[in-house]
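Engineer:
There are 2 protein chains.
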Amino acid sequence: MPAGLNLMPELRKDPILNRWVIISPDRGKRPHEFPTVTKMPHKGICPFCHGNENTTPPEILAFRPDNSAANSPGWTLRVVSNKFPALRNEGGMNLVNDGLYESMNGIGAHEVIIESPDHLAELNSLPVGKVEDTLLAFKLRTLDLKKDSRFQYILIFKNHGESAGATLEHTHCQLIALPIVPELVRDEIAGAQSYFDLKQRCVFCDIIAQEKKTGLRVVNQNERFITLCPFAPRFPFEMWLLPQFHADRFEDCAAEDISMLAELLKESLMKMQVALGQPAYNLVLHTAPMNGNNGRHYHWHFEIMPKLTKMAGFEQGTGFHINPVLPEVAAETLRNTRI
Amino acid sequence: MPAGLNLMPELRKDPILNRWVIISPDRGKRPHEFPTVTKMPHKGICPFCHGNENTTPPEILAFRPDNSAANSPGWTLRVVSNKFPALRNEGGMNLVNDGLYESMNGIGAHEVIIESPDHLAELNSLPVGKVEDTLLAFKLRTLDLKKDSRFQYILIFKNHGESAGATLEHTHCQLIALPIVPELVRDEIAGAQSYFDLKQRCVFCDIIAQEKKTGLRVVNQNERFITLCPFAPRFPFEMWLLPQFHADRFEDCAAEDISMLAELLKESLMKMQVALGQPAYNLVLHTAPMNGNNGRHYHWHFEIMPKLTKMAGFEQGTGFHINPVLPEVAAETLRNTRI
Numbered sequence: 003m004p005a006g007l008n009l010m011p012e013l014r015k016d017p018i019l020n021r022w023v024i025i026s027p028d029r030g031k032r033p034h035e036f037p038t039v040t041k042m043p044h045k046g047i048c049p050f051c052h053g054n055e056n057t058t059p060p061e062i063l064a065f066r067p068d069n070s071a072a073n074s075p076g077w078t079l080r081v082v083s084n085k086f087p088a089l090r091n092e093g094g095m096n097l098v099n100d101g102l103y104e105s106m107n108g109i110g111a112h113e114v115i116i117e118s119p120d121h122l123a124e125l126n127s128l129p130v131g132k133v134e135d136t137l138l139a140f141k142l143r144t145l146d147l148k149k150d151s152r153f154q155y156i157l158i159f160k161n162h163g164e165s166a167g168a169t170l171e172h173t174h175c176q177l178i179a180l181p182i183v184p185e186l187v188r189d190e191i192a193g194a195q196s197y198f199d200l201k202q203r204c205v206f207c208d209i210i211a212q213e214k215k216t217g218l219r220v221v222n223q224n225e226r227f228i229t230l231c232p233f234a235p236r237f238p239f240e241m242w243l244l245p246q247f248h249a250d251r252f253e254d255c256a257a258e259d260i261s262m263l264a265e266l267l268k269e270s271l272m273k274m275q276v277a278l279g280q281p282a283y284n285l286v287l288h289t290a291p292m293n294g295n296n297g298r299h300y301h302w303h304f305e306i307m308p309k310l311t312k313m314a315g316f317e318q319g320t321g322f323h324i325n326p327v328l329p330e331v332a333a334e335t336l337r338n339t340r341i
Numbered sequence: 003m004p005a006g007l008n009l010m011p012e013l014r015k016d017p018i019l020n021r022w023v024i025i026s027p028d029r030g031k032r033p034h035e036f037p038t039v040t041k042m043p044h045k046g047i048c049p050f051c052h053g054n055e056n057t058t059p060p061e062i063l064a065f066r067p068d069n070s071a072a073n074s075p076g077w078t079l080r081v082v083s084n085k086f087p088a089l090r091n092e093g094g095m096n097l098v099n100d101g102l103y104e105s106m107n108g109i110g111a112h113e114v115i116i117e118s119p120d121h122l123a124e125l126n127s128l129p130v131g132k133v134e135d136t137l138l139a140f141k142l143r144t145l146d147l148k149k150d151s152r153f154q155y156i157l158i159f160k161n162h163g164e165s166a167g168a169t170l171e172h173t174h175c176q177l178i179a180l181p182i183v184p185e186l187v188r189d190e191i192a193g194a195q196s197y198f199d200l201k202q203r204c205v206f207c208d209i210i211a212q213e214k215k216t217g218l219r220v221v222n223q224n225e226r227f228i229t230l231c232p233f234a235p236r237f238p239f240e241m242w243l244l245p246q247f248h249a250d251r252f253e254d255c256a257a258e259d260i261s262m263l264a265e266l267l268k269e270s271l272m273k274m275q276v277a278l279g280q281p282a283y284n285l286v287l288h289t290a291p292m293n294g295n296n297g298r299h300y301h302w303h304f305e306i307m308p309k310l311t312k313m314a315g316f317e318q319g320t321g322f323h324i325n326p327v328l329p330e331v332a333a334e335t336l337r338n339t340r341i
């Protein structure tokens, strides 16, 4: 270890692509141990099960229909800080410039949303009311973290299954509050802004209209939401779930809409799980950044990516994706899957 | 399967991100078979070993020191068309516009470069002269394919190991000629152009100068080439190998430089393999597109990405990377690794 190196998490910007990455070093790891650094060891007991509340950091939010005490059993949903956070909540931004390079302290929050105390539950197998609770927790945590002016973006996602990056079997989602906007969201906003400048319309709203006209790539829908296989998907069976009404921020979603969203999300995930034989998957919420005026051109949505192929390394090295499945075939397969 | 669907490979553009993907459908696959579509089955015999030349498409290029006949044993390096190509060589571009969406025929070439007839060889364990032959084959194939005006980009890469996307154990590289420029190369060129407009200098040349001054992130170098861990790496132990002289196109590399390049590439790969315990990895050549005037601001290079973490799905969904290893630590580890 070279002397004087910072072992706190750090955000660094690539000087060619202006792309930020988190460097979150793990103390004392040797090279052959690096593959396991994201693992959260639990020595035989699951920290997310009832009775093991003292093995996690204290709860930030919990739903306790029985009014049980904090950090004890009785909860139906629980949010805690990640025990091995990629970012730290203390301190200022501390922007540093060294010749070509820019970096800042790895300021942020990293939380875990445990959707159920049941070790064998999965998000898609929970009753609709519990999926609704999960989405409500996303909203409540976002509204709370928005008060911290250091944060530019709240990233909510789920890694389901080992090959999708999950390190604990017990169902959970993650939330990362960031002082920067992730690259793909930034690019989406720029693309949507260009489209708006040209047509004075939201590109996502136009996509929904065109998709509803042909129906070819529609998976399912209800009055308020729709799930599509996008026209140019990177991954086989990739799905986007969008509000049919225009809205740039997920956290503005009204209670009645969250209930409709829970229904469609559960149904879409169930169809995927049945059609594809319980694949690992990633689910990511794309919503507007904390700051900036994106209300007219941006449109929040979930992206759901089953993990069926292994070309990730090469494709990450080029940004270039080869997808072996037509989205029209994927959508038809999912649409016709009985759950 | 909806009636009237095209089963030929197709390039499609995402209307928000202007990002092209290849949709290369596999006939007659059912959903549960999708995970294996990139596999090249060989029914017990390896199509890349001596004696099995008739199990591949006819050779496009071969090095045969014994002057043996084409498509027979005796070769030391062999280039053939991919038996299961992601793109097809026949036909025109046929741009199609459907409302918001743009697509074109999946025109291109997809070749396999077999670096050695030895089933157990690896690129890094080959003698330097054979690594040089491999790089020479990259150059010769690029110069040949450049004659086809339909192609905008020649993408050369290696998937080593199953978790990096390799589907055959026998060492090989791949080449894909494309009618579009891959997203990440396009973004690199745009970034390098902006930097040049501001400073009248190549950003890659400036990075090399700054890195040589501190030495902190240098892995190894010779008179003509240098291997670095980049300042803001997406992946643990990511390495870039660049010419120390300014050049935008790999295929312009002189014979003496290819020999120096082979030396450093072999050494860098060996260090990685020894330090990290033979990981799967991806190697990608980033070079200037066929067309366009990028001579002053772009700088070709190899990117080498060992496959040590599994967060690919989520990170591909956000463009946002969490890297648990400081590049200074990675570089020091690799630099001090004896091979």
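Chains as they are written, first to last, in the working numbering: chain L, 3 to 341; chain W, 3 to 341. No residue lacks a Cβ here, since even glycine has one placed at the ideal position from N, Cα and C. Fair warning: this is a prediction, and the values are worked out from it, not measured in the lab.
Hey, quick one: how far does the beta strand (DSSP E) through Pro308(L) stretch, first residue to last?
Structural biologist: First-last of the beta strand (DSSP E) with Pro308(L): His303 to Pro308.
Engineer: Just checking: is the beta-carbon of Pro235(L) within a distance shorter than 8 Å of some beta-carbon in chain W?
Structural biologist: At least one chain W Cβ lies under 8 Å of Pro235(L).
Engineer: Strictly below 9 Å CB to CB, what residues from chain L border Val205(W)?
Structural biologist: Per Cβ cutoff of 9 Å: Pro17, Ile18 and Leu102.
Engineer: Whose CA, out of His248(W), Asn54(W) and Glu164(W), lies closest to the CA of Ser346(W)?
Structural biologist: As displayed, chain W neither begins before 3 nor continues past 341, which places residue 346(W) out of reach and without an answer.
Engineer: So the alpha helix (DSSP H) Ile47(W) belongs to, where does it begin and stop?
Structural biologist: Looking at the DSSP string, Ile47(W) is not in any alpha helix (DSSP H), and its letter there is neither H nor E.
Engineer: Let's test the definition: count the other Cβ atoms within 10 Å of the Cβ of His323(W) and tell me whether it reaches 16, buried, or not, exposed.
Structural biologist: With 16 or more other Cβ atoms within 10 Å, it is buried.
Engineer: Could you tell me the alpha carbon to alpha carbon distance between Thr78(L) and Glu61(L), rounded to whole angstroms?
Structural biologist: Whole-angstrom Cα-Cα distance: 13 Å.
Engineer: From the DSSP output, read off the bridge partner residues of Lys273(W).
Structural biologist: None; Lys273(W) has no bridge partner.
Engineer: Taking all protein chains shown into account, decide if Pro184(W) is buried (16 or more other Cβ within 10 angstroms of its Cβ) or exposed.
Structural biologist: By the 10 Å Cβ count, Pro184(W) comes out buried.
Engineer: Within its chain, find whatever has a CB closer than 6 Å to the CB of Leu271(W); leave out the 5 residues flanking it on each side and keep chain order.
Structural biologist: Closer than 6 Å at the Cβ level, and outside the excluded window around Leu271(W), lie Asn126.
Engineer: So is Pro245(L) in contact with chain W if we call contact Cβ pairs under 8 Å?
Structural biologist: Taking Cβ atoms only, chain W never reaches closer than 8 Å to Pro245(L), which makes this a no.
Engineer: Please report how far the alpha carbon of Thr57(L) lies from the alpha carbon of Pro49(L), in whole angstroms.
Structural biologist: Their Cα atoms are separated by approximately 6 Å.
Engineer: Which of the three DSSP states is assigned to Leu287(L) in this structure?
Structural biologist: In this structure, Leu287(L) counts as strand in the three-state DSSP scheme.
Engineer: Could you list which residues in chain L have their beta carbon closer than 8 Å to that of Asn325(W), in chain order?
Structural biologist: Within 8 Å Cβ-Cβ: Val23, Ile24, Ile25 and Ser26.
Engineer: Hey, does Thr40(L) have any beta-carbon neighbour from chain W nearer than 8 Å?
Structural biologist: Legend: pLDDT at Thr40(L) = 40, less than 50; position of this residue unreliable, value from coordinates given subsequently. Yes, Thr40(L) lies at the interface with chain W (some Cβ there is under 8 Å from its Cβ).
Engineer: Taking 8 Å as the CB-CB limit, is Gly217(L) close to chain W?
Structural biologist: By this cut-off, Gly217(L) is not an interface position.
Engineer: When you compare only the Cα positions, how much space is there between Phe233(L) and Gly110(W)?
Structural biologist: The straight-line gap from Cα to Cα measures roughly 21 Å.
Engineer: Of all the residues that make up the region 268-281 of chain W, which are near chain L by a beta-carbon distance shorter than 7 Å?
Structural biologist: Listed by position, the residues of the region 268-281 of chain W near chain L (Cβ gap below 7 Å) are Ala277, Leu278 and Gly279.
Engineer: Along the region 149-169 of chain L, what residues have a CB closer than 8 Å to any CB found in chain W?
Structural biologist: Within the region 149-169 of chain L, the residues whose Cβ lies closer than 8 Å to some Cβ of chain W are Leu157, Phe159, Asn161, Glu164, Ser165, Ala166 and Gly167, listed in chain order.
Engineer: One question on the structure: do Phe252(W) and Thr289(W) come within less than 8 Å of each other, judged by their Cβ atoms?
Structural biologist: Going by C-beta atoms, Phe252(W) is nearer than 8 Å to Thr289(W).
Engineer: Look up Thr40(L) in the DSSP assignment and say whether it is helix, strand or coil.
Structural biologist: Confidence is the limiting factor: at Thr40(L) the pLDDT is only 40, short of 50, which leaves the residue's position unreliable and the question unanswerable from this model.
Engineer: Any chance you could list the beta strand (DSSP E) runs of at least 3 consecutive residues sitting entirely within the region 175-222 of chain L, in chain order?
Structural biologist: 175-180, all fully within the region 175-222 of chain L.
Engineer: Under 8 Å, do Lys309(L) and Pro329(L) count as touching if we go by C-beta distance?
Structural biologist: Contact flag unset, no.
Engineer: Give a yes or no on whether the C-beta atoms belonging to Met346(W) and Ile178(W) are separated by under 8 Å.
Structural biologist: Any answer about residue 346(W) is impossible in this case: the structure gives chain W only from 3 up to 341.
Engineer: Indicate whether at least one CB of chain W lies closer than 8 Å to the CB of Asp199(L).
Structural biologist: So no, Asp199(L) is outside the interface.
Engineer: Of the choices Gln223(L), Gly217(L), Thr173(L) and Met292(L), whose alpha-carbon is the least far from that of Lys273(L)?
Structural biologist: Comparing Cα positions, the closest option is Gln223(L).
Engineer: Please compile the residues from chain B whose C-beta is within a distance smaller than 7 Å of the C-beta of Val286(W).
Structural biologist: Of the protein chains in the structure, L and W, none is chain B.
Engineer: Pull up the distance between the alpha-carbon of Phe237(L) and that of Val276(L), whole angstroms please.
Structural biologist: About 18 Å.
Engineer: Name the DSSP bridge partner or partners of Lys15(L)?
Structural biologist: In DSSP, Lys15(L) forms a bridge with Trp22(L) and Glu104(L).
Engineer: So for Val327(L), helix, strand or coil by DSSP?
Structural biologist: Reduced to three states, the DSSP call for Val327(L) is coil.
Engineer: Between the region 124-144 of chain L and the region 215-231 of chain L, do at least 3 Cβ pairs fall closer than 8 Å?
Structural biologist: Touching, no, given that fewer than three Cβ pairs across the two stretches are closer than 8 Å.
Engineer: If you reduce the DSSP assignment to three classes, tell me which class Ser261(L) lands in.
Structural biologist: Helix.
Engineer: Restricting to Cα atoms, I'd like to know which of Glu258(W), Gly279(W) and Val81(W) is closest to Pro119(W).
Structural biologist: The option with the nearest alpha carbon to Pro119(W) is Val81(W).
Engineer: For the region 121-144 of chain W, list every residue whose C-beta sits within 8 Å of some C-beta in chain L, in sequence order.
Structural biologist: Going along the region 121-144 of chain W in chain order, one finds no residue with a Cβ nearer than 8 Å to chain L.
Engineer: For Ala194(W), which residues in chain L fall below 7 Å Cβ to Cβ?
Structural biologist: Simply Ile18.
Engineer: What residue range is occupied by the uninterrupted beta strand (DSSP E) comprising Ala64(W)?
Structural biologist: Taken as a continuous stretch (DSSP letters only), the beta strand (DSSP E) holding Ala64(W) covers Glu61 to Phe65.
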